[in-house]
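Asks: Going down the list, the sequences are from chains A and B. The first sequence finishes on residue 789 if you use the working numbering, and the numbering steps up by one all the way, no holes. The second sequence finishes on residue 1225 if you use the working numbering, and the numbering steps up by one all the way, no holes. Backbone N, C-alpha and C define an ideal beta-carbon position, used for all residues, glycine too. Questions regarding the structure given below will be posed in turn.
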Amino acid sequence: MLRNYLLTALRNIRRNASFSAINIAGLALGMTCSILILLWVQHEKSIDGFHENSDRLFQVYERQYHDGQIDAGYFTPGQLGEEMRKVLPAVEYGTNLAWEDKLTFQAGDKIIKQSGNHAGEDFFKMFSYPLIAGTPATALNSPVSIAISRKMANDFFGSPAKAMGQTLRFENRKDLKVTAVFENITDLSSIKFDYLINWQTFLENNQWAKDWGNNGPRTVIMLRKGTNPRTFEASIKKFLDGYNKEQSKKFYIEMGMQPYSETYLNSRFENGKMSGGRIEYARLFSLVAVFILVIACINFMNLTTARSVKRSREIGIRKVIGARRISLVGQFIGEAMVIATFAFILGFILVFLLLPAFNSITGKEIHIPVTDSAFWLCIVLLVVFTGFFSGSYPAFVLSAFQPVKVLKGTMKFSNKSILFRKGLVIFQFMLSVILIIGTIVVSKQVGYLQHRNLGYDRENVIYIPLEGVLPEKFPLFKEEILKQPGIAGVTRISGTITDISNGTGGVEWEGKDPNSMPMFTQAGVGYEFVKTMNLQLKAGRDFNKDFATDSSAYIINEAALKIMKLKNPVGSPITFWQNKGTIIGVLKDFHFQSLHEPIRPIIIRLMEKNGWGTALVRTKPGQTKQALAGIGEVCRTINPQFPFSYQFSDEEYQKLYKSEQVVDKLANCFAMLAIFISCLGLLGLAIFATLQRTKEIGIRKVLGASITSLFTMISKEFMLLVLIAFFVAAPLAWFALDNWLQQFAYRTEISAWIFLLAGFAAMFIALATVSYQAIKAALTNPVKSLKTE
Amino acid sequence: MIKITGLEKIYRTEEVETVALNKLSFEVKEGEFVAVMGPSGCGKSTLLNILGLLDDPDAGSFLFNGIEVAKFNERKRADLRKHNIGFVFQSFNLIDELTVFENVELPLIYTGVKTSERKKIVENVLDKMQIMHRRNHYPQQLSGGQQQRVAVARAVVNNPKLILADEPTGNLDSSNGNEVMQLLTDLNEQGTTIIMVTHSEHDARYSHRVIRMLDGQTVMENIMA
């Protein structure tokens, strides 16, 4: 029986090559999308899952309560990890982690910048980053230890074996000893580093981090086997009370923790609670995968049922001969499975071919996990689901045909089944229209992020890290650079202006409510900061070296002024971290964080002589190249121990929206595919509909119908379906996208033209698809079409 | 073998009510060869569909081998049909996607005969019908006469007790038509009951008895010499 079904299926495929091609191509594309998305989601979900102790690794976070609000995040005191290990018996290991930093190393005459991090001595005992040389116990246990990657070992010493025990000069400041070499970090790790320096060195260079009142580094702990994470988490809630002397009613910090492997996908806090993060994109694209697969399956259902008139005779005969309904259902589902299998083979080849391009969009290194049985199980489920789902409707419709009617040729589809089929087309186009609208809105938002006026001019600004002797020789450095061609201005800042996030509650002013402790963002800058960045002053003036008192001068923004409620801010006294001073200027609000965040109150102080930071160099438009040559020359002369490096402000700004840009690109691709697959289905239906109506069209022509009227007659019906689909899709899309945009503090509008554009695009594409068939049918010589009977 | 009493079938559309069978009664004994004749629209085909358990009557009784089958459900009808009844149609009704062999094999598949046995039975039948040499051809590669022989082969492959033929020679030229009629006669002589709807007086002469119908009723019965 099975053989018979298979034979009929294969011969049917061959005999109706064009229909089969449309069917298989549609399903194949649908599966390609699904498999790609499956691989992507799987990859996202597996990030940080490779650590053997994954179930015992937890990331500590803080919840800061102040002024009736809760700020939560992974920032913690700089000695928390080690301290927790020392005093809490349930903690087996604990480490702090800083941030990825590009720093300069030297061995012999080789001077290279490398990206890496600082970590505590427990790091390699907790995490499963394989060591090529050295042991987890000794990798980071001395104040001079450094662990480096295979790549960095090769860069400096030729091989991991030769690197062990060698000395690396770090920032021309301290000699470190290579105590371990680890395998290069794969993209399955959320943290990336080519070196890890021991934590003592971090604390030496960042004295502030020793203060329990300051937060910044991350803390990860590993619990002992058998510890219940929930009860443990409850027990550390008030852990900081014994350390942070600033804990008070108006500013209180609680601790919580989260499984480390979940932090990559769930890292957003809202009101002190976890509220998603990247996981939302994983979910969103899983949904898109299902959408696309359903669209492809609907194609199959529609084409198969529409075409079934042709096969009705076969069904009739089989029934007359004695086939039961159930065996016919089996036969049709079986056929769908065969087609789904073909589609899968084609789809898999496509996945294989598209993977490099997909990787370059997503910035991942995804491989097809050919040895993973779970993956193949998913694939089998995908094929079975596709075959079963798309085969089920035709199977039940076709198997219900009455043999007497089909053999006599009097069989007609019931209105119900025609309506259902139209419903399927509407559903399909509804999904497509939602995807089109989604794509436009996402692109619009990404464009908005890229082009929004930030309140300062981020074009033509170059960041130069202040390292080596540059911080202490900054005045000389500035003077020399200003002599170079193409330079419009030079200033400095403690971090970068694209992302300032250091918070403090240590601000006092006249009239401050003693029970409140609002948080301010703070930054240290150089002279002429306002002028160089083209910031707008609302009142007062910029930092200026002509004013000797500027070392105790502060500039605030409008948001800060709103909180401080000062009538005449300029000249008002202010105390910052116990240092008394005066407000000299108020800036109009500008963006110093990603546009996900609202503009917070900021307080800016003068730090012309700070030991670290970034030089901000504004170049004259169109003269970046000359300017860079000049700056490079100055850097090499003043700071010969460090390779010249720089970043463009604009590029740094774009990095804030990396995931939005990926989503934008992916959404574009998938929306196009969805509409393409829908059109394949529409094309099939159009072919079929014109075929069915050949005789009618012939008679109409004989009676004098014009080609235009015939064309309208045929395409009108399809246009109506797309139109209905649009009206269903529009509110759904609006709802979903409005929801998505909520995560941005600054967002584009969902304007009416987007809907009109999407609607017209869908109509136009559908019309283009149908029109070839419609024109062909309308042009057919009636003599020919009437003879077919 | 077949006894129908007061059989009625009425087709209704929104405006028109057509009486296809009007209290029809007759009997067919085992081993008989009966021809049913009458003008178009007299209810011949409806009768054949009901006799073949493809359609059910609105009223009346239908005894098949002494069992009342008028109220059988679809599944029971399909079971009875596949074991007892073979069909031959005017338009052959072969499945285009299957070869001659596979077409003839199909009823055996549905009755659950084993593969090895099926091969034997089908080859035997094809041999008898003298189309063995065409076993791997597709229907559209055959002449009309050959196609109808395949259809007859398919109808008899299960050894049915009853063959229902709906104008079996209607699409054939006279020599091919005669061949098919001869085939049916041979089958009848071997004991198979045959009921044949026909327009052709020539074909009717092969039968034992002719039932003539008009407006859903029998109007006359002739016993053939």
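1) Can you give me the C-alpha to C-alpha distance between Ile326 of chain A and Trp753 of chain A, rounded to a whole angstrom?
2) Buried or exposed for Pro160 of chain A, please, with buried defined as at least 16 other CB atoms from any protein chain shown within 10 angstroms of its CB.
3) Let's test the definition: count the other Cβ atoms within 10 Å of the Cβ of Arg150 of chain A and tell me whether it reaches 16, buried, or not, exposed.
4) For a contact defined as C-beta to C-beta under 7 Å, what are the partners of Gly322 of chain A on chain B?
5) By the 8 Å beta-carbon criterion, what residues does the stretch 297-323 of chain A contribute toward chain B?
6) Do Thr1218 of chain B and Phe1026 of chain B have their C-beta atoms within less than 8 Å of each other?
7) Could you tell me which of A:Phe735, A:Lys701, A:Ala107 sits nearest to Phe162 of chain A, measuring between CA atoms?
8) Specify, as a first and last residue, the run of the alpha helix (DSSP H) that Met84 of chain A falls within.
9) Can you tell me where the beta strand (DSSP E) holding Leu1172 of chain B begins and where it ends?
10) Note down, one range per segment and in chain order, each beta strand (DSSP E) of at least 3 residues found wholly within the stretch 128-167 of chain A.
11) Mind reading off the beta-carbon distance from Phe193 of chain A to Ala98 of chain A? Whole number of angstroms is fine, and I expect it under 8 Å.
12) In whole angstroms, give me the CA-to-CA distance for Val178 of chain A and Thr186 of chain A.
13) Is the Cβ of Leu1126 of chain B closer than 8 Å to any Cβ of chain A?
14) Since Val1210 of chain B contacts Met1001 of chain B with CB under 8 Å, what's their CB separation in whole angstroms?
15) Just how far apart, CA to CA, sit Leu1214 of chain B and Gly1043 of chain B?
16) Could you run through the stretch 1050-1065 of chain B and flag, in chain order, every residue whose CB is less than 9 Å away from some CB of chain A?
17) Are at least three pairs of beta-carbons, each pair with one atom in the stretch 1007-1022 of chain B and one in the stretch 1050-1059 of chain B, less than 8 Å apart?
18) Would you say Ser399 of chain A reaches chain B, if we count a Cβ-Cβ gap shorter than 8 Å as a contact?
19) Can you grab the Cα-Cα spacing for the pair Leu103 of chain A / Thr532 of chain A, in whole Å?
20) Whole angstroms are fine: how far does the CA of Val370 of chain A sit from the CA of Val383 of chain A?
21) Does Asn415 of chain A have its Cβ less than 8 Å from a Cβ in chain B?
22) Which whole-angstrom value is the C-beta distance of Ile440 of chain A and Leu666 of chain A, which I expect to be below 8 Å?
23) Would you identify the three-state DSSP class for Gly116 of chain A, choosing helix, strand or coil?
24) Report the neighbours of Val404 of chain A on chain B: residues whose CB is nearer than 8 Å to its CB, in chain order.
25) Helix, strand or coil, according to DSSP, for Pro573 of chain A in the structure here?
26) Strictly under 8 Å for the Cβ-Cβ distance: is Asn1159 of chain B near chain A by that measure?
27) Under 8 Å between C-beta atoms, does Asn1249 of chain B make it to chain A?
28) Just verifying my parser: in three-state terms, what is the DSSP assignment at Pro731 of chain A?
29) In angstroms, rounded to a whole number, what distance separates the CA positions of Asn16 of chain A and Arg307 of chain A?
30) So the alpha helix (DSSP H) Met126 of chain A belongs to, where does it begin and stop?
31) In whole angstroms, give me the CA-to-CA distance for Glu789 of chain A and Phe342 of chain A.
32) Along the chain, where does the beta strand (DSSP E) containing Gly489 of chain A start, and where does it finish?
33) Determine, using beta-carbon pairs with one atom in the stretch 461-471 of chain A and one in the stretch 643-658 of chain A, whether at least three such pairs fall under 8 Å.
34) In terms of DSSP beta bridges, what is Val1028 of chain B paired with?
35) Applying the 10 Å Cβ sphere with the 16-neighbour rule, what's the burial state of Pro621 of chain A?
36) Between the stretch 4-31 of chain A and chain B, which residues of the former have CB atoms less than 8 Å from a CB of the latter, in chain order?
Replies: Taking the definition as stated:
1) 51 Å
2) buried
3) Arg150 of chain A sits buried, since 16 or more C-beta atoms from the chains shown fall within 10 Å of its C-beta.
4) Against chain B, the beta carbon of Gly322 of chain A has neighbours under 7 Å at Ala1078, Arg1081, Lys1082, Pro1107, Tyr1110, Thr1111, listed in chain order.
5) Arg313, Glu314, Gly316, Ile317, Arg318, Lys319, Val320, Ile321, Gly322, Ala323
6) yes
7) Note on residue identity: the sequence assigns Lys, not Phe, to residue 162 of chain A. Checking every option, the nearest Cα to that of Lys162 of chain A belongs to A:Ala107.
8) 80-87
9) Careful: Leu1172 of chain B lies outside any beta strand (DSSP E) and carries neither H nor E.
10) Listed in chain order, the complete beta strand (DSSP E) runs (minimum 3 residues) inside the stretch 128-167 of chain A are 131-133, 145-149.
11) So it is not a contact: roughly 10 Å between Cβ atoms.
12) One Cα belongs to Val178 of chain A, the other to Thr186 of chain A, and the distance between them is close to 21 Å.
13) no
14) That belief does not hold up - the Cβ atoms of Val1210 of chain B and Met1001 of chain B are roughly 18 Å apart, past 8 Å.
15) 8 Å
16) Gly1052, Leu1054, Asp1055
17) Judged by Cβ distances under 8 Å, the stretch 1007-1022 of chain B makes contact with the stretch 1050-1059 of chain B, as three or more pairs qualify.
18) no
19) 26 Å
20) 17 Å
21) no
22) With a Cβ gap of about 15 Å, Ile440 of chain A and Leu666 of chain A do not count as contacting.
23) Gly116 of chain A sits in a strand when the DSSP states are folded into three classes.
24) Asn1049, Leu1054, Asp1055
25) strand
26) no
27) Shown here, chain B extends from 1001 to 1225; a query on residue 1249 of chain B therefore has no answer.
28) helix
29) Straight-line measurement puts the Cα of Arg307 of chain A at about 10 Å from the Cα of Asn16 of chain A.
30) 123-126
31) Legend: pLDDT at Glu789 of chain A = 36, less than 50; position of this residue unreliable, no value from coordinates given.
32) In this chain, the beta strand (DSSP E) harbouring Gly489 of chain A covers 487-493.
33) Yes: at least three Cβ pairs fall under 8 Å.
34) B:Ile1002
35) exposed
36) Asn4, Leu7, Thr8, Arg11, Asn12, Arg15
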